[in-house]
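First up is the structure itself, then whatever we jot down about it.
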Amino acid sequence: MSDFSKTILITGGAGFIGSHVVRLFVNKYPGYRIVNLDALTYAGNLENLVDVQSAPNYIFEKGDITDEARMQQLFDLYGFDGVIHLAAESHVDRSILDPLQFVRTNVLGTVNLLNVARKSWNGKFAGKRFYHVSTDEVYGSLGETGFFTEQTAYDPRSPYSASKASSDHFVMAYFHTYHLPVVMSNCSNNYGSHHFPEKLIPLMINNIKNKKPLPVYGKGENVRDWLWVNDHARAIDVIYHQGKDGEKYNVGGFNEWKNIDLVHLLCTIMDKKLNRQPGESASLITYVTDRPGHDLRYAIDATRLNRELGWTPSLQFEEGLEKTVDWYLANEEWINHVTSGDYKKYYEALYDQR
Ligand code: NAD
Ligand code: TYD
658 MSDFSKTILI TGGAGFIGSH VVRLFVNKYP GYRIVNLDAL TYAGNLENLV DVQSAPNYIF
718 EKGDITDEAR MQQLFDLYGF DGVIHLAAES HVDRSILDPL QFVRTNVLGT VNLLNVARKS
778 WNGKFAGKRF YHVSTDEVYG SLGETGFFTE QTAYDPRSPY SASKASSDHF VMAYFHTYHL
838 PVVMSNCSNN YGSHHFPEKL IPLMINNIKN KKPLPVYGKG ENVRDWLWVN DHARAIDVIY
898 HQGKDGEKYN VGGFNEWKNI DLVHLLCTIM DKKLNRQPGE SASLITYVTD RPGHDLRYAI
958 DATRLNRELG WTPSLQFEEG LEKTVDWYLA NEEWINHVTS GDYKKYYEAL YDQR
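Per our numbering, the sequence shown starts with residue 658, numbered consecutively.
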């Protein structure tokens, strides 16, 4: 028996969002034992968690969610009360280059975890919870108007979103078929510290800093709804504790930006921070060949989460973006570590052909 009131498995805790969720749970719930399971792929980085690595209620375990024996061993060892499942392949451009890797991790890995949880809990579901963290991209692409609600039919259009949609369906199937106590959320684009610089915002910050071209896909008119990663972690906390079994909750910032406007805003912020002439960074903007099947617009209606569980975003976008830029400028070592080695090869393979 442990001295902790609950033991929670967080998968993908060394990644961008996972590290913020681990930090929030370790600090906010000293009575919970938090086990972070991560395969440490290119996107997983234990440097993201240096501030909590010595906490008495935190444990790291390296492992792959597709490895049934390893997952069973961890369930047997720790007797998890709950799972918060974030481990995934998460980048659309990589999914276009290698769809099968997304099927392996996102579909097979999730079903493997569901199986191990079901077997380990063996019908004794009181106090247990399996939380699957998903994305708004499963809903497909919006036109100029409208929002994704929890009732919007799934219409995934990239290999990434198709793999996440598939995993979402399996999660719900385990609720209906086996009564596994699941809950799920679908969130819009996150931004903040510790974000791997293959995604739009950290890639642009890094390139602006290094005076490299800023590759805007197509005409830059695609729209994304941006949410501060700490607000997503807060939503996960609320839904994990108060969400209803078998239900899903949309999470979003009511904060839509055209890519090109967002890149201009970043350039303006960074011109000031780096003492550059106004317009100097924007002169780096370069329009490149569009992403195949590029979804035009995502916009989440997060009313349900606000109405039923009282969650609301805490930070205005401009303020969050400034904080994010400050973090990247102050953490040069972090960015140097994650952009050495394989990142260079990935960057050349993707952008040199555009
Ligand atoms: P990320 O790519 O930064 O991190 C993913 C983590 O999963 C990494 O630490 C990686 O090492 C780990 N991982 C990958 N394959 C694994 C495997 N087979 N076994 C164990 N660990 C493995 O991703 P993120 O942006 O932090 O996203 C986390 C989750 O949130 C994903 O499920 C993603 O679909 C979802 N999500 C992301 C966003 C976003 O804007 N980034 C928005 C909504 C939902
Ligand atoms: P991304 O951060 O990859 O998130 P997602 O595709 O999951 O929404 O991209 C956000 C938007 O920015 C998307 O419309 C694609 C665009 N984009 C660029 O224009 N240039 C880039 O170099 C990247 C990485 C993305």
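Yeah, the Cβ is synthetic: ideal placement off N, Cα and C, and Gly gets one too.
Remember, it's a predicted structure, so these values are computed and weren't measured experimentally.
Do residue j and residue i have their beta-carbon atoms positioned less than 8 angstroms apart in this structure?
| i | j | result |
| --- | --- | --- |
| Asn916 | Gly877 | yes |
| Val873 | Met927 | no |
| Ile674 | Ile741 | no |
| Arg1050 | Tyr897 | The chain is shown only over 658 to 1011; residue 1050 falls outside these bounds and no answer can be derived. |
| Pro859 | Tyr985 | yes |
| Met728 | Asn693 | no |
| Leu978 | Leu922 | yes |
| Leu799 | Leu966 | no |
| Pro816 | Ser747 | no |
| Leu697 | Val679 | no |
Starting from the Cα of residue i, find the closest Cα among the options and give me that residue.
| i | options | result |
| --- | --- | --- |
| Ser842 | Pro687, Ala822 and Leu941 | Ala822 |
| Trp883 | Gly936, Gly900, Glu976 and Ile722 | Glu976 |
| Lys866 | Arg933, Phe759 and Arg761 | Arg933 |
| Asp1041 | Leu770, Val749 and Thr834 | Here the chain has residues from 658 to 1011 only, and residue 1041 is not among them. |
| Ile667 | Phe661, Leu681, Asp660 and Ser659 | Leu681 |
| Leu941 | Arg881, Asn863 and Leu1007 | Asn863 |
| Thr943 | Met861, Val880 and Asn912 | Met861 |
| Thr802 | Ser997, Trp968, Asn879 and Tyr686 | Asn879 |
| Gly849 | Leu871, Asp902 and Gln973 | Gln973 |
| Gln730 | Gly701, Pro713 and Val773 | Val773 |
| Leu919 | Arg881, Ser845 and Asn963 | Arg881 |
| Lys869 | Asp1009, Ile691, Asn714 and Val683 | Asp1009 |
| Pro687 | Val995, Gly909 and Asp660 | Asp660 |
Which residues in the same chain have their Cβ closer than 7 angstroms to the Cβ of residue i, if we skip the five residues on either side of it in sequence?
| i | result |
| --- | --- |
| Arg644 | Here the chain covers residues 658 to 1011 and nothing more, so residue 644 does not appear. |
| Asp812 | Tyr796 and Gly797 |
| Gly669 | Gly675, Asp695, Leu743, Ala744 and Ala745 |
| Asp999 | Tyr699 |
| Leu1007 | Asp750 |
| Ala939 | His921 and Cys924 |
| Glu725 | Asn769 and Val773 |
Quick check: is any heavy atom of ligand 1 less than 7 angstroms from the C-beta of residue i?
| i | result |
| --- | --- |
| Lys673 | The identity of residue 673 in the sequence shown is Phe, whereas the question assumes Lys. Yes. |
| Asp755 | no |
| Gly701 | yes |
| Val790 | yes |
| Glu746 | yes |
| Asn863 | no |
| Ile722 | yes |
Any heavy atom of ligand 2 closer than 7 angstroms to the CB of residue i?
| i | result |
| --- | --- |
| Tyr874 | yes |
| Val908 | no |
| Asp812 | no |
| Arg751 | no |
| Asn988 | no |
| His833 | no |
| Arg761 | no |
| Leu860 | yes |
| Leu857 | yes |
| Arg881 | yes |
| His951 | yes |
| Arg680 | no |
| Arg948 | yes |
Beta-carbon within less than 8 angstroms of residue i's beta-carbon, same chain only, minus the 5 sequence neighbours each way: which residues are those?
| i | result |
| --- | --- |
| Ser971 | Trp885, Asn887, Asp888 and Arg891 |
| Gln710 | Leu703 and Phe717 |
| Leu754 | Ala1006 and Leu1007 |
Spatial neighbours of residue i within its chain, please: CB distance less than 6 angstroms, with the 5 preceding and 5 following residues excluded, ordered by chain position.
| i | result |
| --- | --- |
| Arg948 | Tyr874 |
| Lys663 | Tyr689 and Asp738 |
| Asn846 | Arg881 and Trp883 |
| Gly672 | Ala700 and Gly701 |
Q: Flag this pair as touching only if the segment 707-718 and the segment 772-788 have three or more C-beta atom pairs under 8 angstroms; answer yes or no.
A: no
Q. Given 8 angstroms as the limit, is there contact between the segment 892-899 and the segment 934-944, that is, 3 or more CB pairs closer than that?
A. no
Q: Could you say if the segment 830-841 and the segment 943-959 meet the contact criterion of at least three C-beta pairs nearer than 8 angstroms?
A: no
Q. On the three-pair Cβ rule with 8 angstroms, is the segment 755-763 touching the segment 801-821?
A. yes
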